[in-house]
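Student: Once you've had a glance at the structure underneath, I'll fire off some questions.
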């Protein structure tokens, strides 16, 4: 099909032909990279130094960034909201995922059914799940508080109490941790039983085996989930938008997450240049955190031989 | 001695897992139970576990409260093209990275991996500007076209799968005079059907559940997707929880059916994408 084109381009060697075909095959991705990733990023970076409202543009130097750090109170608030949420969400969902995976890695009656059930919530996508949790977390006759009162706890007002909105989201995510659990489980299944048997002979108890064998061997997955978790967590948007009803971030601005503020600035106030500046700040923060996690991986991530054969 | 200890441990484990499973399933049960209740019963305190009398017609009533049939059709249009685009483009690109030796491949594949790290919002705002300039806002194009440009996670996942196919097979086909497109379409595609199914399912899940994209790009009510329609329905002060739960549950049925029919493909996809390093 392409032989004529190849001839015209003067490509005759085998290597040249391979390179030509290589680029033809990855063309969809290359186009996407230029049109939907790199192009927009360059555009975003340039307009972050301008007063831009999608119609007119006026370059203002660092004004957006200066305003962000010195005058915009919502910026600080939304950043803290996002940070606090991330600090709760990432560790809890990670630990929960590991624990459930370890429990589901034993041979036990009904194992397949258990795995299906624990994975089930993570496929229940869409706003319906959010509504369900709004109902469950209703302070007056919601099921969560009803269950808590059975064990003598007076449950909080969850989504209407500014102090409890973020834990409410984390609770919902803990319910849906099956996706992460599955990644750990796949790794756990590849650990040879000999390791544990040898440790038993040396007198190790279950806790020691978990810390010294299980955790190191699944640490690459924990690392991967941490990186993805940081990127995802700092981009929390939908939870804030839906739980506050209209994107306002209520109650008391406790659900005004960083990207919700970006959204409002970009698409409601049409302060697009400023929204872009905010995005670049978040990008920088996420990159720094990712680099820190990457650097730290030498200390705690254990790669088996053959893990890095790419 | 040891045998006995293990058995006791297993019983405890079984009880813990059962409790956990009940906690996980209860919200789903509650969704259906609420959907079947009458309005006074929903507001009743303490709440009843099961509806006094299940009102199955609630599902039909709720469905009529807004043009949900239209929303479903709209969603399916987007889902359909997203799947076509995702399966086609990702398999093509993944083949290129897995089976063709071209100059700059290593570097470009690093770029693929690097793009996984880019927060989506940084491109969301300028993408909107671009799509609005070319008049694509309030059409399905911004939701569909990017799917035809492959996705870093799916490229990675498919490439992992392609790499398990022996190169000898491709070399042999080349000796017989086959080109890369022939090899990709006739030889490889049939072998990688499982991973194609996985990508199709992930795309279905993503497009079906997408809220942010339609929220940004669609403003004409007749073009709303199911998720967007649901949110607007709720946003209009509609707190008749029985109907809301009925609609929410109906909106999840397709994905639940797919999950139970193709469970292995869902799980396989998660596993291979988790091998990213």
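Residue numbers (the working numbering), protein chains in the order written: chain A, 1 to 310; chain B, 1001 to 1277. All residues carry an ideal CB built from backbone N, CA and C; glycine is no exception.
According to DSSP, is residue 140 of chain A part of a helix, a strand, or is it coil?
Tutor: Reduced to three states, the DSSP call for residue 140 of chain A is coil.
Student: Mind checking who residue 57 of chain A pairs with in its DSSP beta bridge?
Tutor: DSSP, once it has assigned bridges, lists A/52 as partnering residue 57 of chain A.
Student: What ranges does the alpha helix (DSSP H) occupy inside the segment 1184 to 1209 of chain B, keeping only unbroken runs of at least 4 residues that lie completely in it?
Tutor: If we require 4 residues or more, the alpha helix (DSSP H) runs fully inside the segment 1184 to 1209 of chain B come out as 1193 to 1209.
Student: Report the neighbours of residue 238 of chain A on chain B: residues whose CB is nearer than 8 Å to its CB, in chain order.
Tutor: Within chain B, the residues near residue 238 of chain A are 1211 and 1212.
Student: How would you list, in chain order, the residues of chain B whose beta-carbon sits under 9 Å from the beta-carbon of residue 280 of chain A?
Tutor: Going along chain B in sequence order, the residues near residue 280 of chain A (Cβ under 9 Å) are 1122.
Student: Classify residue 1175 of chain B: buried if its beta carbon has 16 or more other beta carbons within 10 angstroms, exposed otherwise.
Tutor: Per the 10 Å Cβ criterion, exposed.
Student: What does the alpha-carbon distance come out to for the pair residue 1064 of chain B and residue 1139 of chain B?
Tutor: Cα to Cα, residue 1064 of chain B sits roughly 25 Å from residue 1139 of chain B.
Student: Could you compute how far the alpha carbon of residue 130 of chain A sits from the alpha carbon of residue 63 of chain A?
Tutor: Near 38 Å, if we compare the C-alpha coordinates of residue 63 of chain A and residue 130 of chain A.
Student: Considering only the beta carbon of each residue, do residue 1204 of chain B and residue 108 of chain A sit closer than 8 Å?
Tutor: It is not a contact, given that the beta carbons lie outside the stated cut-off.
Student: Under 8 Å between C-beta atoms, does residue 143 of chain A make it to chain B?
Tutor: Interface residue, yes.
Student: With a cut-off of 8 Å, does the C-beta of residue 44 of chain A fall near any C-beta of chain B?
Tutor: Chain B, which has a Cβ nearer than 8 Å to the Cβ of residue 44 of chain A, makes this yes.
Student: Please classify residue 263 of chain A: is it buried, with 16 or more other beta-carbons within 10 angstroms of its beta-carbon, or exposed?
Tutor: Counting Cβ neighbours within 10 Å, residue 263 of chain A comes out buried, since at least 16 surround it.
Student: Do the segment 155 to 175 of chain A and the segment 202 to 214 of chain A touch if we need at least three Cβ pairs shorter than 8 Å?
Tutor: Because the criterion of three Cβ pairs below 8 Å is not met, the segment 155 to 175 of chain A and the segment 202 to 214 of chain A do not touch.
Student: Return the CA-CA distance between residue 140 of chain A and residue 1087 of chain B, expressed in angstroms with no decimal places.
Tutor: Near 47 Å, if we compare the C-alpha coordinates of residue 1087 of chain B and residue 140 of chain A.
Student: Looking at chain B, which residues of the segment 188 to 216 of chain A have a Cβ within less than 8 Å of any of its Cβ atoms?
Tutor: Within the segment 188 to 216 of chain A, no residue qualifies.
Student: Measure the alpha-carbon distance for residue 252 of chain A versus residue 229 of chain A and round it to whole angstroms.
Tutor: Taking the straight line from one Cα to the other gives about 26 Å.
Student: For residue 52 of chain A, which residues in the same chain have their Cβ closer than 7 Å to its Cβ, ignoring the five residues on either side in sequence?
Tutor: Closer than 7 Å at the Cβ level, and outside the excluded window around residue 52 of chain A, lie 272 and 273.
Student: Any beta-carbon of chain A closer than 8 Å to the one on residue 1274 of chain B?
Tutor: Any answer about residue 1274 of chain B is weak, because its pLDDT of 47 lies below 50 and its placement is not dependable; what the coordinates show is given next. So, interface residue.
Student: Given that a residue counts as buried once 16 or more other Cβ atoms are within 10 Å of its Cβ, and exposed if not, what is residue 1008 of chain B?
Tutor: Under this definition residue 1008 of chain B is an exposed residue.
Student: In this structure, does DSSP put residue 1041 of chain B in helix, strand or coil?
Tutor: Here residue 1041 of chain B sits in helix by DSSP.
Student: If we ignore side chains and look at the alpha-carbon of each, how far apart do residue 25 of chain A and residue 1146 of chain B end up?
Tutor: Rounded to the nearest angstrom, the two C-alpha atoms are 17 Å apart.
Student: To the nearest angstrom, how far is it from the Cα of residue 312 of chain A to the Cα of residue 21 of chain A?
Tutor: An answer regarding residue 312 of chain A cannot be provided, because it is not within the stretch 1 to 310 covered by chain A.
Student: Considering only residues of the same chain and omitting the five flanking positions on each side of residue 1001 of chain B, which have a CB-CB separation below 7 Å?
Tutor: Its pLDDT being 42, under 50, residue 1001 of chain B is placed unreliably by the model, and nothing is read from it.
Student: State the Cα-Cα distance for the pair residue 992 of chain B and residue 1037 of chain B, rounded to the nearest angstrom.
Tutor: This structure does not reach residue 992 of chain B, given that chain B is present from 1001 up to 1277, and the question cannot be answered.
Student: Taking the alpha carbon of residue 1202 of chain B as the reference point, which residue from B/1071, B/1079, B/1131 and B/1223 has its own alpha carbon closest?
Tutor: For the residues B/1071, B/1079, B/1131 and B/1223, the minimum Cα distance to residue 1202 of chain B belongs to B/1079.
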